[in-house]
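J.:
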Amino acid sequence: MSYDGMKVLVTGADGFIGSHLTEALVRKGAKVTALALYNSFDSYGWLDDLPEQIRGQLNILRGDVRDAAFMNRIVQGQETVFHLAALIAIPHSYAAAQSYVETNILGTLNVLEAARQWATERVVCTSTSEVYGTAQTMPISETHPLQGQSPYSASKIGADMMAEAFARSFGLSAVILRPFNTFGPRQSERAIIPTIIRQVLDPACAAIMVGDTTPIRDLTFVDDTVAAFLTAGAAPEIEFGRAYNAGSQRAVTVADLIGLVLELTGCDKAVVRDERRMRPVNSEVRALLADCTRFERETGWRPQTSLRAGLEQTIAWWVTRLTEGRVRRHKDFIT
Numbered sequence: 000m001s002y003d004g005m006k007v008l009v010t011g012a013d014g015f016i017g018s019h020l021t022e023a024l025v026r027k028g029a030k031v032t033a034l035a036l037y038n039s040f041d042s043y044g045w046l047d048d049l050p051e052q053i054r055g056q057l058n059i060l061r062g063d064v065r066d067a068a069f070m071n072r073i074v075q076g077q078e079t080v081f082h083l084a085a086l087i088a089i090p091h092s093y094a095a096a097q098s099y100v101e102t103n104i105l106g107t108l109n110v111l112e113a114a115r116q117w118a119t120e121r122v123v124c125t126s127t128s129e130v131y132g133t134a135q136t137m138p139i140s141e142t143h144p145l146q147g148q149s150p151y152s153a154s155k156i157g158a159d160m161m162a163e164a165f166a167r168s169f170g171l172s173a174v175i176l177r178p179f180n181t182f183g184p185r186q187s188e189r190a191i192i193p194t195i196i197r198q199v200l201d202p203a204c205a206a207i208m209v210g211d212t213t214p215i216r217d218l219t220f221v222d223d224t225v226a227a228f229l230t231a232g233a234a235p236e237i238e239f240g241r242a243y244n245a246g247s248q249r250a251v252t253v254a255d256l257i258g259l260v261l262e263l264t265g266c267d268k269a270v271v272r273d274e275r276r277m278r279p280v281n282s283e284v285r286a287l288l289a290d291c292t293r294f295e296r297e298t299g300w301r302p303q304t305s306l307r308a309g310l311e312q313t314i315a316w317w318v319t320r321l322t323e324g325r326v327r328r329h330k331d332f333i334t
């Protein structure tokens with residue numbers, strides 16, 4: 000599985016998973032074009048935090064996947080495209096559903112159309128475990144029904160179907176990778192783990208404010224998710240146009256997750272339920288647990304990092320950020 004010398008485009012490279020994937024590709028010798036969403040703050044998101052020896056090897060572009068002509072230009076000449084750019088904040092999708100359709104569905108269409116025109120060798124499209132909604136059966140395999148329990152998940156279902164359609168209709172080598180809940184350094188505070196860790200470590204927070212603590216989640220450390228992307232981008236025995244789950248295959252409640260963070264940090268702050276953090280009743284995904292049998296069988300990928308080990312690394316990163324005063328809140332469009 001060699002990326003040495005390969006021309007690769009990463010959309011959403013400025014985000015959480017995208018920045019880790021971009022860094023890994025450079026370390027593997029790929030010639031990486033990293034797409035960051037244009038903004039007026041002269042920022043490249045998390046790409047600004049990469050080591051200088053990594054950043055110096057990147058071709059960083061600013062743009063928007065909603066711009067079809069722009070995407071057509073930058074896909075030309077790329078051998079592989081990793082498409083991670085998306086609007087992902089579930090709460091905001093209730094307020095601005097159209098923007099999720101435009102970015103997540105039409106943006107994906109623009110990537111696929113460009114890849115089709117330029118005969119790109121492979122496109123890896125990023126899905127999400129949220130497309131399954133609350134589990135009807137567990138663990139969740141790729142045959143589980145898709146349920147649009149939020150405008151965000153509905154938009155990602157649409158993007159997945161578009162990738163499937165381009166594989167079936169035009170023979171495009173499109174892989175649909177469906178990561179379950181990923182966590183690790185660089186994740187924004189919109190997600191549960193950094194929200195908990197920040198409040199645990201920050202002396203300005205007298206208590207830990209949380210929403211519903213009963214949902215069950217499959218939490219995958221970012222290094223394992225990145226390994227899944229690298230595998231999906233190069234594995235020879237893989238089926239195009241169908242989804243592959245990538246998760247830890249272990250379940251934990253949010254309450255138990257909070258307890259483990261408190262244990263690892265030695266924190267005794269009170270945990271307080273905040274009604275403002277609750278999803279609409281019929282929109283909350285109650286349980287997610289991955290069945291990755293198909294992906295493991297066809298590619299050999301397996302997660303390597305335990306929840307405890309991943310949390311220890313994430314907590315250490317947050318300690319450094321808070322100590323150095325470098326904490327910042329990233330926009331919801333960052334992945």
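Taking numbering that gives the first Met the number 0, the leading residue of the sequence shown gets 0, the next gets one more, and so forth.
All residues carry an ideal CB built from backbone N, CA and C; glycine is no exception.
Remember, predicted model here, so these are calculated numbers, not experimental data.
#1: By alpha-carbon positions, which one of Leu-20, Cys-266, Tyr-2 and Gly-14 ends up nearest to Asp-222?
#2: By Cβ distance, which residues of its chain are closer than 8 Å to Ile-156, with the 5 residues on each side in sequence left out?
#3: By how many angstroms is the C-alpha of Gly-246 removed from the C-alpha of Ala-85?
#4: Using only alpha-carbon positions, find the residue among Thr-292, Leu-288 and Arg-320 that is nearest to Met-137.
#5: Should Glu-22 go down as buried or exposed, given a rule of 16 or more other Cβ atoms within 10 Å for buried?
#6: Rounded to whole angstroms, what's the CA-CA distance from Met-70 to Ala-226? Just pull it up for me.
#7: Would Val-199 pass as a contact of Thr-264 if the rule is Cβ separation under 7 Å?
#8: Note down the Cα distance separating Val-270 from Leu-310, rounded to an integer number of angstroms.
#9: Can you find at least 3 beta carbon pairs, one from the segment 207 to 222 and one from the segment 166 to 186, that sit closer than 8 Å?
#10: Would you identify the three-state DSSP class for Thr-219, choosing helix, strand or coil?
#11: Report yes if the CB atom of Ala-164 is closer than 7 Å to the CB atom of Ala-173, and no otherwise.
#12: From what residue to what residue does the beta strand (DSSP E) around Pro-178 run?
#13: Since Gly-62 sits in a beta bridge, which residues does DSSP pair it with?
#14: Return the CA-CA distance between Arg-72 and Asn-58, expressed in angstroms with no decimal places.
#15: For Cys-124, count neighbouring Cβ atoms within 10 angstroms of its own Cβ and tell me buried if that reaches 16, exposed if not.
#16: According to DSSP, is His-329 helix, strand or coil?
#17: Identify whether Val-110 lies in helix, strand or coil by the three-state DSSP scheme.
#18: Counting Cβ pairs, one atom from each stretch, are 3 or more of them under 8 Å apart for the segment 1 to 16 and the segment 78 to 94?
#19: What distance in whole Å lies between the Cβ atoms of Gln-56 and Val-100, which are believed to be in contact at a cut-off of 8 Å?
#20: Identify every residue that forms a DSSP beta bridge with Ile-207.
#21: Specify the secondary structure class of Tyr-131 as computed by DSSP and reduced to three states.
T.: On the basis of the coordinates in this document:
#1: Leu-20
#2: Val-130, Leu-145 and Gly-147
#3: 20 Å
#4: Leu-288
#5: Buried: at least 16 other Cβ atoms inside 10 Å.
#6: 26 Å
#7: Yes, the Cβ-Cβ distance between Val-199 and Thr-264 is below 7 Å.
#8: Their Cα atoms are separated by approximately 18 Å.
#9: yes
#10: strand
#11: no
#12: Pro-178 -> beta strand (DSSP E) spans 173 to 178.
#13: Leu-36, per the DSSP bridge assignment.
#14: In a straight line, the C-alpha of Arg-72 is about 14 Å away from that of Asn-58.
#15: By the C-beta density criterion, Cys-124 is buried, having at least 16 other C-beta atoms within 10 angstroms.
#16: With a pLDDT of 37 at His-329, under the threshold of 50, the modelled position of that residue is not reliable, and no figure is offered here.
#17: helix
#18: yes
#19: Between the beta-carbon of Val-100 and that of Gln-56 there is about 35 Å, and that puts the pair past the 8 Å contact cut.
#20: Val-270
#21: In the structure shown, Tyr-131 sits in a helix (DSSP, three-state: H, G or I).
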